[in-house]
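Residue numbers (the working numbering): 158 to 198. Only one structure is covered here, and it is reproduced in the block below.
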């Protein structure tokens, strides 16, 4: 988690790289996610 300075003050945010996002998506067990996971692959 990073702290980023914004107009409203410091905000905490998560930053993911592309590989991390793909791994997260591939870990979703829902059958509804399968077409999207195949599309990404």
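C-beta atoms are modelled at their ideal positions from N, C-alpha and C, and glycine is treated no differently. As the structure is a prediction and not an experimental result, all values here were calculated from the model.
Check	Outcome
Anticipated Cβ contact below 8 Å, residue 183 with residue 194, distance rounded	6 Å
One or two residues paired with residue 170 in a DSSP bridge	159
Same chain only: Cβ atoms within 6 Å of residue 160, ignoring 5 sequence neighbours per side	167 and 169
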